[in-house]
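First up is the structure itself, then whatever we jot down about it.
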DNA sequence: ATGGGTCGATAGATAAACTCTATCAATATT
DNA sequence: AATATTGATAGAGTTTATCTATCGACCCAT
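Residue numbers (our numbering), protein chains in the order written: chain A, 15 to 311; chain B, 15 to 311.
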């Protein structure tokens, strides 16, 4: 029964019988039969079909909600029992927005010291995708902005606040300054994240607010790519202080605080709002709470 | 998978493989195999056996907790989907303490007017049994004392307060009084509920508190039996005002308020503390909230 | 001790279910 | 109109589930 509910979850995120089946490790007829069996048991059509997937019926949407809950609980149960026997083992699946990736190590390192048998899978995703993955039980926790997007049925632990820096070569324009304003930054050609990233949208808003415009010379969804360009000394970028510090400054590259306005965004750990949490997730939340005071600033 | 969890629930309440199997509608080997399969999947022993059931292991107790939740959720899901399609249908299983039985009709009658397709099963049970049945998902709601027993993971809606009356023939001693005290009641030979009923224990306490002793001439677990004896005019009893009124007074039988102390016990509706409730249960809670103000006093 | 009774595990046969491959009909896409 | 994609269906093979019958361990009475 529970595996049939997993079919529903897979169908919800893949919106395609074939791919959903593949994700569940079964063939498409098997998944179709499973969905049909659920429909028979409930006595209601759950999925609108017209030779292709056309979303869920109202009843199907309710079943989907319940499936999230029941499947989640059954996984949590397994994990909890396993922890009772073997201590904390298994895999912690985490997704973080690119600008937060650099601080993930601050969470995983002490975590691993306490629970050496837990393995990690960490995805780099947009803030919206992080919440999606959480909803679909594809990750155990996310690290993202906690203020802007409407958070659904999740709990959050604030971790730190983002302060922005202009990364630029020391001999470039503004390169010798101790602080710069957003208005000044708006004059510089920048390397920025792609617009599907919330960080980019925040920076766009700040630039526009300072009377400038966002016309980045180069866009990417990879922080490493942005940074490697800045390292050449011929490009500039705007990054949160945390990641700028982590990536390390050379003698030629400077990270100049941007003031006026001194923008801050809160980044936090987000986990499904369910009691009790899986032991693996609970341990991460504990770690986040421990870490938050040190990071804050 | 979920049906295996139902095996665990049945085993928890029957404490016997054979009876649990019967309760699940399967044979004993089937239930044994189901439990073993769960144990294999979890990789842990769940049940202590020594040629007979000896309770759950610590892991088994955790699984039991989860089973309550997961099985409950899956039933709620089915019911909710069914309600979406056919309106409120199905069976509302209710258990009430004997002294509250008379007021159940005040709940079921308006309920039935709004939801004519819901059927009722109503058990008369002790207050402890009511909570047990709730825990084991054998009933949807209970009506019992809400103050005395420690209530577990349940929500409650207060319904009314019990005031006690001496039921006695008009020509018996005290029969002509407008009020009596507990001390006086203690002098009368009474018909009372059996001591496993909390109502009896409360009355015992009150009698003892008034310097008397509880030596009922007749005990029964049936209010009808008690009342039929009182109706002969040769017996007396102590009952809550609600039930005395409902049973109806004849010209020869009087229900005399007992004062000093004017004892009151709150009776309420108890339902499993789970969000969301089954539609059938939610409707009952709504009815209870609507009814409570009228009943109070 | 010994024998009847109870309880849960086990074996083997049967029935039910599940899942696969192959294919079809309906709809999109070009 | 030709082709590709999508999900449903048919049929075979396998797995899983359930039953009946029986066994061994334990309990309790004699």
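We treat Cβ as the ideally placed atom computed from N, Cα and C, and that holds for glycine.
Since the structure is predicted, the reported quantities are computational estimates derived from the model, not experimental observations.
Buried or exposed: which applies to residue i, given that a residue is buried once 16 or more other Cβ atoms fall within 10 Å of its Cβ?
| i | result |
| --- | --- |
| residue 311 of chain B | Per-residue confidence for residue 311 of chain B stands at a pLDDT of 49, beneath the threshold of 50, marking its modelled position as unreliable; no derived number is given. |
| residue 227 of chain B | exposed |
| residue 282 of chain A | buried |
| residue 252 of chain B | buried |
| residue 124 of chain A | exposed |
| residue 121 of chain B | buried |
| residue 264 of chain B | exposed |
| residue 10 of chain A | Because chain A spans 15 through 311 in this model, residue 10 of chain A falls outside it and cannot be assessed. |
| residue 119 of chain B | exposed |
| residue 278 of chain A | exposed |
| residue 183 of chain B | buried |
| residue 212 of chain B | buried |
| residue 289 of chain A | exposed |
| residue 113 of chain A | buried |
| residue 232 of chain B | exposed |
| residue 14 of chain B | Within the shown structure, residues of chain B are numbered from 15 to 311, placing residue 14 of chain B beyond reach of any answer. |
| residue 6 of chain B | Because chain B in this structure spans residues 15 to 311, residue 6 of chain B falls outside the shown range and cannot be described. |
| residue 238 of chain A | exposed |
| residue 190 of chain B | exposed |
| residue 139 of chain A | buried |
| residue 246 of chain B | exposed |
| residue 135 of chain A | exposed |
| residue 96 of chain B | buried |
| residue 73 of chain B | buried |
| residue 8 of chain A | With chain A covering 15 to 311 only, the question about residue 8 of chain A has no answer from this structure. |
| residue 295 of chain A | buried |
| residue 187 of chain A | exposed |
| residue 307 of chain B | exposed |
| residue 301 of chain A | buried |
| residue 130 of chain A | exposed |
| residue 222 of chain A | exposed |
| residue 127 of chain A | exposed |
| residue 57 of chain A | exposed |
| residue 83 of chain A | buried |
I'd like to confirm something about residue i: is its beta-carbon nearer than 6 Å to some heavy atom of the ligand ADP, or not?
| i | result |
| --- | --- |
| residue 152 of chain A | Within the structure as shown, the ligand ADP is missing, as the structure has no ligands at all. |
When DSSP builds the beta bridges, which residues end up paired with residue i?
| i | result |
| --- | --- |
| residue 183 of chain A | A:267 |
| residue 138 of chain B | B:110 |
| residue 193 of chain B | DSSP lists no partner for residue 193 of chain B. |
| residue 206 of chain A | A:233 |
Checklist line | Within the stretch 147-181 of chain B, ranges of the beta strand (DSSP E) (whole runs, at least 3 residues) | finding: 155-159
Item checked: At least 3 beta-carbon pairs within less than 8 Å: the stretch 72-85 of chain A vs the stretch 37-47 of chain B -> No contact exists between the stretch 72-85 of chain A and the stretch 37-47 of chain B.
Notebook entry, point to check: In the stretch 101-132 of chain B, which residue ranges form an unbroken alpha helix (DSSP H) of at least 4 residues, counting only runs that do not cross its ends?
Noted result: 115-128
Next item on the list: Determine contact between the stretch 98-110 of chain B and the stretch 143-158 of chain B, defined as no fewer than three beta-carbon pairs at a distance below 8 Å.
Entry: yes
Check: If you scan the stretch 228-311 of chain A from start to end, which runs of the alpha helix (DSSP H) of 4 or more residues do you find wholly inside it?
Finding: 237-245, 255-261, 293-309
Notebook entry, point to check: Does the stretch 88-104 of chain B come close enough to the stretch 287-304 of chain B that 3 or more CB-CB pairs lie under 8 Å?
Noted result: yes
Next item on the list: Return the chain-ordered ranges of every alpha helix (DSSP H) run that is complete within the stretch 31-116 of chain A and spans a minimum of 4 residues.
Entry: 31-38, 42-56, 72-100
Check: Between the stretch 217-225 of chain B and the stretch 192-199 of chain B, are three or more C-beta pairs nearer than 8 Å?
Finding: The stretch 217-225 of chain B makes contact with the stretch 192-199 of chain B, as at least three CB pairs between them are under 8 Å.
Check: Along the stretch 75-109 of chain B, what residues have a CB closer than 9 Å to any CB found in chain A?
Finding: 76, 77, 79, 80, 81, 83, 84, 87, 88, 90, 91, 92, 94, 95, 96, 98, 99, 100
Checklist line | Stretch pair the stretch 170-181 of chain A + the stretch 270-277 of chain A: three plus CB contacts closer than 8 Å | finding: yes
Item checked: Contact residues within the stretch 152-182 of chain B, judged by C-beta distance below 7 Å to chain A -> none
Margin query: Please identify, using Cβ separations under 8 Å, the residues of the stretch 277-294 of chain A that lie next to chain B, in order along the chain.
Written below: none
Item checked: Interface positions of the stretch 15-32 of chain A facing chain B (Cβ-Cβ less than 8 Å), listed along the chain -> 15, 16, 17
Next item on the list: Could you run through the stretch 60-73 of chain B and flag, in chain order, every residue whose CB is less than 9 Å away from some CB of chain A?
Entry: 60, 72, 73
Margin query: Closer than 7 Å between beta carbons: that is the criterion. Which residues of the stretch 41-61 of chain B meet it against chain A?
Written below: 56, 57, 58
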